[in-house]
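Novice: Same order as they appear, the protein sequences are chains A and B.
For the first sequence, the residue numbers in the working numbering are 171 to 374.
For the second sequence, the residue numbers in the working numbering are 171 to 374.
One structure, as structure tokens, below. Some questions next.
2 protein chains.
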Amino acid sequence: MNKKQTKSMLTKKKIADAAKHLFIQKGYTATSIENISDATGVSKGNIYYHFESKEGLFIYVLDEWEKEWMEQWEEQRKQYTSTTEQLHGIAKHFVINDYNHPLTNVADEFFSHENSNTLIQNQLYKTINTRISYSQKLLSEGIASGEFKSDDSLLLAKIFDTLLYGLNNICRDLNMKETLDLYAKAIDTFLYGIASDDSAHSHD
Amino acid sequence: MNKKQTKSMLTKKKIADAAKHLFIQKGYTATSIENISDATGVSKGNIYYHFESKEGLFIYVLDEWEKEWMEQWEEQRKQYTSTTEQLHGIAKHFVINDYNHPLTNVADEFFSHENSNTLIQNQLYKTINTRISYSQKLLSEGIASGEFKSDDSLLLAKIFDTLLYGLNNICRDLNMKETLDLYAKAIDTFLYGIASDDSAHSHD
DNA sequence: ATAAATTTAGAACAATTGGTCAGTAACCAT
DNA sequence: ATGGTTACTGACCAATTGTTCTAAATTTAT
């Protein structure tokens, strides 16, 4: 590879890296090409020399990110044997290496770290917390009545609400009946789990 | 109430309604004041007469929405007795009346129904589906090995991935350890459920 | 009927955006 | 060294944005 080609590749990588971080911090829409230009010292025109458009740049970043994640996980994976362990491992890997994955944070307008949209952020936080509190109350009742095992109701409420809010993102192409089925299944899983009855409940 | 006041209130409501639908369809950023003006026939200036800003309008919409949701749910709630039923009921109510709640869809830049950002949408769909397929494979292995109950692995994969992607949104203020704990708890719940051992497994 | 107050309209504004383009600099092959 | 190719710059553009402002229309109060 040429000295020129090397430098060019480095520039492209520099752009992609800065873009990735900015997309995480500010979200896609709020990140402007000029932001990326400022952050890298690379001119706007040059960015458009390396990437056909802002969309193209985003997709490139997303793609590289995903590839990298998969490679790293496959490496981690080796140390686990049972599927149960792997499920836990994948979650751990997700949190540690991938805290800001595009599918969680970047595809989000409001919760970016540097966003000045604090009014709306506060409102959304408030709404979320209200809902979690409500779920917590509900779950506490279930625990009190002996319907559920004694447990940390706040944690359970967060998990329950996650299912409610998150399932929508996973199944946008489903019709109403399919959606309802998925939700019902999720609640059932939440209630009864997926472990086989004879599997050792070796958690905690 | 005056004839004038009534008409004014109606205008305000018309604006809020149109804004709500546009926020659902296009997301917050992609919805412009002019869009709302066009959709309602109410002039831009008039919108700013009724609401102090775009943020203010959004927060107003969010607030009304949340109030309405809670009222309707509390009505529904009466028909259920056990907490288990209520959890199922809340999910059902969520899907039917609240399919596009701001906490799922509006706070999202890309998946709006009318968005022209199809390139990125496709890419994200692809990424999601790749991940779901991967989880499905993993879960299938667990089922095959007898670790998990025999079940629809695709549904389970969607639920599992929802936990992975969704938990982040619920717990942005937690530190790493707390986050890891929450994830671990979620996986455990996914595996073993929350129902007490002596509760009747009367689902399905 | 007239004045005051409220409600509405739409032109105008400053800022920002993604994207283009003509020109310059750096490097390569010959 | 020179001509050609690649990499890069920064001014520029058209479009869009949230917001403001002035003035007109409508209703109410006197």
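All C-beta atoms in this analysis are idealised placements derived from N, C-alpha and C, irrespective of residue type, glycine included.
For Phe221 (chain A), collect the residues of the same chain with a Cβ closer than 6 Å to its Cβ; drop the 5 residues on either side in sequence, then sort them by chain order.
Specialist: Residue 221 (chain A) sits at position 51 when you count from the first residue of the first sequence. Once the five neighbours on either side are set aside, the close Cβ partners of Phe221 (chain A) are Leu227.
Novice: Output the distance between the C-alpha atoms of Val231 (chain B) and Ala186 (chain B), rounded to the nearest integer angstrom.
Specialist: Translated into positions along the second sequence, residue 231 (chain B) becomes position 61. Translated into positions along the second sequence, residue 186 (chain B) becomes position 16. Roughly 6 Å separates the two Cα atoms.
Novice: Strictly below 7 Å CB to CB, what residues from chain B border Lys183 (chain A)?
Specialist: In the first sequence, residue 183 (chain A) corresponds to position 13, counting from 1. Within chain B, no residue comes near Lys183 (chain A); the closest Cβ sits about 20 Å away, beyond 7 Å.
Novice: Are three or more beta carbon pairs between the stretch 197-210 of chain B and the stretch 343-357 of chain B nearer than 8 Å?
Specialist: The stretch 197-210 of chain B vs the stretch 343-357 of chain B: no contact.
Novice: Could you tell me if Gly211 (chain B) is buried or exposed, where buried requires 16 or more neighbouring beta carbons within 10 angstroms of its beta carbon?
Specialist: Within the second sequence, residue 211 (chain B) is the residue found at index 41, counting from 1. Exposed: under 16 other Cβ atoms inside 10 Å.
Novice: Could you list the residues in the stretch 224-239 of chain A with a C-beta less than 8 Å from some C-beta on chain B, going in chain order?
Specialist: Going along the stretch 224-239 of chain A in chain order, one finds Glu225, Gly226, Phe228, Ile229, Leu232, Asp233 and Glu236 with a Cβ nearer than 8 Å to chain B.
Novice: Does the CB of His220 (chain A) have a neighbour CB from chain B at under 9 Å?
Specialist: As a working mapping, residue 220 (chain A) is identified with position 50 in the first sequence. So no, His220 (chain A) is outside the interface.
Novice: If I measure Cβ to Cβ from Ala356 (chain B) and keep anything under 7 Å in the same chain, skipping five residues before and after, which residues do I get?
Specialist: Working through the second sequence from its first residue, we reach residue 356 (chain B) at position 186. So the list reads Leu333 and Leu337, once near-sequence residues are dropped.
Novice: Please report how far the alpha carbon of Ile229 (chain B) lies from the alpha carbon of Ile206 (chain B), in whole angstroms.
Specialist: Residue numbering aside, residue 229 (chain B) sits at position 59 when the second sequence is read from its first letter. Residue numbering aside, residue 206 (chain B) sits at position 36 when the second sequence is read from its first letter. Taking the straight line from one Cα to the other gives about 15 Å.
Novice: Using C-beta distances below 7 Å, list every residue in its chain close to Ile340 (chain A), excluding the 5 sequence neighbours before and after it, in chain order.
Specialist: In the first sequence, counting from the first residue as 1, residue 340 (chain A) sits at position 170. Nothing listed; no residue qualifies.
Novice: State the start and end residues of the unbroken alpha helix (DSSP H) segment that holds Gln242 (chain B).
Specialist: Locating residue 242 (chain B) in the second sequence gives position 72, where the first residue counts as 1. Gln242 (chain B) -> alpha helix (DSSP H) spans Lys224 to Arg247.
Novice: Under 9 Å between C-beta atoms, does Thr210 (chain B) make it to chain A?
Specialist: Counting from 1 along the second sequence, the entry for residue 210 (chain B) is found at position 40. With 9 Å as the cut-off, Thr210 (chain B) does not count as an interface residue toward chain A.
Novice: Mind listing which residues of the stretch 242-267 of chain A have their C-beta closer than 7 Å to chain B's C-betas, in chain order?
Specialist: From the stretch 242-267 of chain A, only Ser252, Thr253, Thr254, Gln256, Leu257, His258, Ala261, Lys262, Phe264 and Val265 have a Cβ closer than 7 Å to chain B.
Novice: What number of angstroms, rounded off, separates the C-alpha of Gly363 (chain A) from the C-alpha of Phe360 (chain B)?
Specialist: Counted from its first residue, the first sequence places residue 363 (chain A) at position 193. Counted from its first residue, the second sequence places residue 360 (chain B) at position 190. So the alpha carbons of these two residues sit roughly 5 Å apart.
Novice: What number of angstroms, rounded off, separates the C-alpha of Glu122 (chain B) from the C-alpha of Thr176 (chain B)?
Specialist: No information on residue 122 (chain B) is available, as it lies outside the stretch 171 to 374 that chain B covers here.
Novice: Between which two residues does the alpha helix (DSSP H) carrying Ala200 (chain A) extend?
Specialist: Indexing the first sequence from 1 puts residue 200 (chain A) at position 30. Element bounds for Ala200 (chain A): n/a, residue is neither H nor E.
Novice: In the DSSP output, which residue or residues are listed as bridge partners for Phe318 (chain B)?
Specialist: Walking along the second sequence from the start, residue 318 (chain B) turns up at place 148. The partner list for Phe318 (chain B) (beta bridge, DSSP) reads A:Ala365.
Novice: Can you give the Cα-Cα distance for Asp374 (chain A) and Ala327 (chain A), rounded to whole angstroms?
Specialist: Counting from 1 along the first sequence, the entry for residue 374 (chain A) is found at position 204. Counting from 1 along the first sequence, the entry for residue 327 (chain A) is found at position 157. Unreliable placement is indicated for Asp374 (chain A), whose pLDDT of 44 sits below 50; the coordinate value is still reported in the next sentence. Rounded to the nearest angstrom, the two C-alpha atoms are 19 Å apart.
Novice: If you compare alpha carbons, which of A:Leu257, A:Thr254 and A:Leu309 is closest to Ser252 (chain B)?
Specialist: Locating residue 252 (chain B) in the second sequence gives position 82, where the first residue counts as 1. Here the closest residue by C-alpha is A:Leu309.
Novice: Could you compute how far the alpha carbon of Leu180 (chain B) sits from the alpha carbon of Gly312 (chain A)?
Specialist: Taking the second sequence and counting its residues from 1, the one referred to as residue 180 (chain B) is at position 10. Taking the first sequence and counting its residues from 1, the one referred to as residue 312 (chain A) is at position 142. Each residue's alpha carbon lies about 43 Å from the other.
Novice: Note down, in chain order, each residue of its chain lying with its Cβ closer than 8 Å to the Cβ of Gly259 (chain B), except the 5 sequence neighbours on either side.
Specialist: Residue numbering aside, residue 259 (chain B) sits at position 89 when the second sequence is read from its first letter. Excluding residues within five positions, the ones whose Cβ falls inside 8 Å are Gln246, Arg247, Gln249 and Tyr250.
Novice: Who are the Cβ neighbours of Leu324 (chain A) in its own chain at under 7 Å, not counting the five residues just before and after it?
Specialist: The residue given as residue 324 (chain A) occupies position 154 in the first sequence. Excluding sequence neighbours, Leu324 (chain A) sits near Gln306.
Novice: Exposed or buried, what is Glu238 (chain B) when buried is set at 16 or more other beta-carbons lying within 10 Å of its beta-carbon?
Specialist: Counting from one through the second sequence, the residue named residue 238 (chain B) turns up at place 68. With fewer than 16 Cβ atoms within 10 Å of its Cβ, Glu238 (chain B) is classed as exposed.
Novice: Taking Asp331 (chain A) as part of the alpha helix (DSSP H), name the residues at either end of that continuous run.
Specialist: Reading the first sequence from its first residue, position 161 is the one you call residue 331 (chain A). Asp331 (chain A) -> alpha helix (DSSP H) spans Ser323 to Ile340.
Novice: Inspect the beta-carbon positions of Glu380 (chain A) and Ile290 (chain B) and report whether they are closer than 9 Å.
Specialist: As shown, chain A starts at 171 and ends at 374. That puts residue 380 (chain A) outside it, with no answer to give.
Novice: What do you reckon, are the CB atoms on Ile203 (chain A) and Lys214 (chain A) nearer than 9 Å?
Specialist: Taking the first residue of the first sequence as 1, we reach residue 203 (chain A) at position 33. Taking the first residue of the first sequence as 1, we reach residue 214 (chain A) at position 44. Going by C-beta atoms, Ile203 (chain A) is nearer than 9 Å to Lys214 (chain A).
Novice: Compute the beta-carbon to beta-carbon distance between Thr254 (chain B) and Glu317 (chain A), rounded to the nearest angstrom, for a pair I have assumed lies under 8 Å.
Specialist: For the purposes of this step, residue 254 (chain B) is taken as residue 84 along the second sequence, with counting starting at 1. For the purposes of this step, residue 317 (chain A) is taken as residue 147 along the first sequence, with counting starting at 1. Rounded, the Cβ-Cβ distance is 6 Å, consistent with contact.
Novice: Would you please state the rounded distance, in angstroms, between the beta carbons of Arg301 (chain B) and Asp321 (chain B)? I believe it to be under 8 Å.
Specialist: Here residue 301 (chain B) is taken as the residue at index 131 of the second sequence, counted from 1. Here residue 321 (chain B) is taken as the residue at index 151 of the second sequence, counted from 1. No, Arg301 (chain B) and Asp321 (chain B) are not in contact; Cβ-Cβ is about 19 Å, not under 8 Å.
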